[in-house]
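See structure below.
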Amino acid sequence: MSSSRFAKTPQPPYYAVIFTSQRTATENDAYGNMADQMEVLAQQQPGFLGAESTRGADGLGITVAYWETEADIAAWKANADHLAAQRAGAERWYEHYEVRVAKVERAYGKR
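The opening position of the sequence shown corresponds to residue 34 in my numbering, with each subsequent residue numbered one higher.
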């Protein structure tokens, strides 16, 4: 796996928003377009540090977005374009999803 797929985060503490979802089998192109738009929009938000995402062939996906503060997370959640994407996801693209927010206190790895 290429290290370019890993978010480049600072030394802790910072926050992680973990979004686990089960996709529906419909509207793959529309979903992909919206996901791409949200990735670009998130990168423009204050406090955004990076993200890592994967989706299996069975439609189960996990995205972890890293943020400087809880206030940055709240601002992203309230972003009008992101709210529209959230509604579309709940109505059309996800059978089920869970969002978890965690404070990262330690981080290490092989570089």
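Using N, Cα and C, we set each Cβ at its ideal position, and we do this for glycine too.
Residue 144 and residue 62 have their C-alpha atoms spaced approximately 34 Å apart.
Residue 85 and residue 113 have their C-alpha atoms spaced approximately 23 Å apart. Between residue 43 and residue 82, the gap from beta carbon to beta carbon is short of 8 Å. Between the stretch 121–133 and the stretch 48–59 there are three or more C-beta pairs closer than 8 Å, enough to call the two in contact. Here residue 142 is exposed, its C-beta having fewer than 16 other C-beta atoms within 10 Å. For residue 117, the secondary structure class from DSSP, reduced to helix, strand or coil, is helix. Annotated as distal: residue 100 and residue 64, with beta-carbon spacing of 8 Å or more. Around the beta carbon of residue 96, a 10 Å sphere encloses 16 or more other beta carbons of the protein chains shown; the residue is thus reported as buried.
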